[in-house]
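For the sequence shown, our numbering gives the first residue as -14, with consecutive numbering after it.
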Amino acid sequence: MSKEITSRSVDFSKWYNDIVVKAGLAEHSSVRGCMVIKPYGFAIWEKMKSILDARFKATGHVNAAFPLLIPKSFLSKEAAHVEGFAKECAVVTHYRLKNAEDGSGVIVDPDAKLEEELIIRPTSETIIWNTYKNWIRSYRDLPLLINQWANVMRWEMRTRLFLRTSEFFWQEGHTAHATKQEAIDETEMILKEYANFMENYIGVPVIKGVKTESERFAGADNTYTTEGLMQDGKALQMGTSHFLGQNFAKAFDVKFQTKEGGLEHVWATSWGVSTRLMGALVMAHSDDKGLVVPPKLAPIQVVIVPILGKKMNAKLDLLQAAVDNIKGQLDGVSVKYDGDDTKRAGFKFAEYEMKGIPLRIAIGPRDLDNGTVEIARRDTQTKDTYSIDNVGDTVRQLLEEIQNSLYQKALDFRKSHTTKVDTFDEFKEVLNGKGGFVYAHWDGTAETEAAIKEATKATIRCIPLDNEQEEGVCVFSGKPSKQRVLFAKAY
């Protein structure tokens, strides 16, 4: 099966698409720009959702659901917001179809035009804040901590499965607070939750930072981001958390009575991660043989494959006992037993390798005689023989090793692809060579930021939160700079 996958070194983009399709994660749909997430891919996304959802609830958030359709006038209320999303909006203009008089099929009924067009939500700030004005009256109603799991639509001209599609799944948190500091604390707390999930579950080290003004979310006072580095040396924005200030509260007139009896606008945040995280998982860990799934997110952590045949037919009772023994030791571990006798063991090995199952346990007739099993690791492609009586401890140890190893490998890659430069020639040489993260001085102007992007296609991914103040000169303009910022080419 791995022969069907384009090598990363030949065409990384095609390699990525091959992995997503052939591992059964997703496929392009008949609707332009949209994808079908297949059961195996959705099972991984469901694990991501369940882990994140538990953390949101543990930090005091509750789930709700808001309309898919947003009146056009709502988007007009926050100027920066509408400017940021106007070019990506899909618009509903009519509410009825009818049969064409010439029998050619159905057409839009021209008499069914909506009085006000509806926007298929690209994000939900406007519809939610229009709702919040009815929910918030007093300081006793705050903080309001709400999350929504939903699908959204942003019209895309160039799409790529999971990374950039017109429709995608995500969660979007929307919170309201009595003070500016409470809202900032919320924004930063969620950023830490995201980073913890990305590093400890997806196995991707991320740099936490703030976006420049030109890269902020439309309508935010500040945008915090988590930036990961993929195997092709490009950055991926994996999640963002926005401090919205009072912008949406003022746009929708959301005020609360303070303890002192005054009337003030509330302070707001919004934050989200999407099925783009599936793309990060694929690009950070997979290889030319197929998908590699971190154990903590694997729908199937261990697959048991018997070596069936004439020699095994006489030992089927022993085989069943061995499988029951293994399953009994693996309580809490997701295990699949594949006893399908219509497929050869070699075919199954290749199939589960393609799907990235972390561990494969093979049992042959000789294993039954010796009380052993063969365990193969997907990440290192190594295998060894172990006692069946200690399979539980062995598997748990190996799953932990794999999880840690994937993170360390990604971290080592990032370290080897992170470079400090002091001249624009060095800047271009690194980006056109090994790529990766580039720390360089920037003069702080939007003009220079745009010029660098035009010249190199690299953008400022963020100003890292742990940035050191360091006097220097901008690599592009030569003007004074007080710190380096993080540049990269990105998805």
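A virtual CB, placed ideally from N, CA and C, is assigned to each residue, including glycine.
In this structure, I187 lies near L262, with their beta-carbon atoms less than 8 Å apart. DSSP, read as helix, strand or coil, puts I169 in helix. Membership of I437 in the alpha helix (DSSP H) is indicated by the continuous run 431 to 441.
Taking the Cα positions, L383 is about 8 Å away from L344. Per DSSP, reduced to three states, the secondary structure at H270 is helical. Contact check between the segment 379 to 398 and the segment 333 to 341: fewer than three CB pairs, one atom from each, fall below 8 Å, which does not count as touching. The C-beta of K474 has 16 or more other C-beta atoms within 10 Å across all chains shown, which makes the residue buried.
In this structure, the straight-line span from the alpha carbon of V67 to that of Y322 is close to 52 Å.
Segment contact: the segment 14 to 31 against the segment 118 to 131, fewer than three CB-CB distances shorter than 8 Å; contact not assigned. At the C-beta level, F472 and T444 come within 8 Å of one another.
With contacts defined as CB atoms closer than 8 Å, N132 and N48 qualify as a contacting pair. Contact check for G213 and G421: beta-carbon distance about 12 Å, past the 8 Å limit, so the pair fails to qualify. Taking one beta carbon from each stretch, the segment 33 to 46 and the segment 241 to 256 have fewer than 3 pairs nearer than 8 Å; the two do not touch. Rounded to whole angstroms, the separation of the alpha carbons of S462 and W140 is 35 Å. Distance from the CA of G9 to the CA of G418, rounded to the nearest whole angstrom, comes to 33 Å. Every beta strand (DSSP E) of 3 residues or more that sits fully in the segment 144 to 215 is shown, in chain order, as 152 to 162, 191 to 195, 207 to 214. C447 has L471 as its beta-bridge partners, per DSSP. As the crow flies, the alpha-carbon of A180 is around 24 Å from that of E152. As computed with DSSP, Y371 is found in a beta bridge with V358. Scanning the segment 269 to 313 for uninterrupted alpha helix (DSSP H) segments of 4 residues or longer gives 295 to 298, listed from N- to C-terminal end. Between F51 and T116, the beta carbon gap of about 7 Å places them in contact (Cβ cut-off 8 Å).
Residue pairing of Y322 in beta bridges, as defined by DSSP: I289. Nearest in C-alpha terms to S372, of all of Q393, A347, E386, E385, is A347. The residues G9, L10, A11, E12, in chain order, have a CB closer than 8 Å to that of K23 in the same chain once the five nearest residues on each side in sequence are set aside. Contact annotation: F182 and G264 have beta-carbon atoms that are not nearer than 8 Å. Shown here, G257 sits in a strand according to DSSP, grouped into three states.
Cα atoms of K333 and I289: separation of roughly 10 Å, rounded to the nearest angstrom. If you look at Q222, you'll find it in the beta strand (DSSP E) that goes 220 to 230. Selection Q216, W0, D170, R106 evaluated against P190 yields Q216 as nearest (Cα-Cα). Between S319 and P291, the gap from beta carbon to beta carbon reaches 8 Å or more. Separation of V93 and T243 (C-alpha to C-alpha, rounded to the nearest whole angstrom) is 51 Å. With a cutoff of 8 Å on beta-carbon distance, C459 and D428 are scored as near each other. By alpha-carbon distance to Q222, the top candidate from D302, A205, T260, I(-10) is T260. Of the other Cβ atoms in all chains shown, fewer than 16 fall within 10 Å of the Cβ of S15; this residue is therefore exposed. In the three-state DSSP reduction, Q382 falls in the helix class (H, G or I).
In this structure, V137 is the residue among L303, D364, V137 with its C-alpha nearest to the C-alpha of C74.
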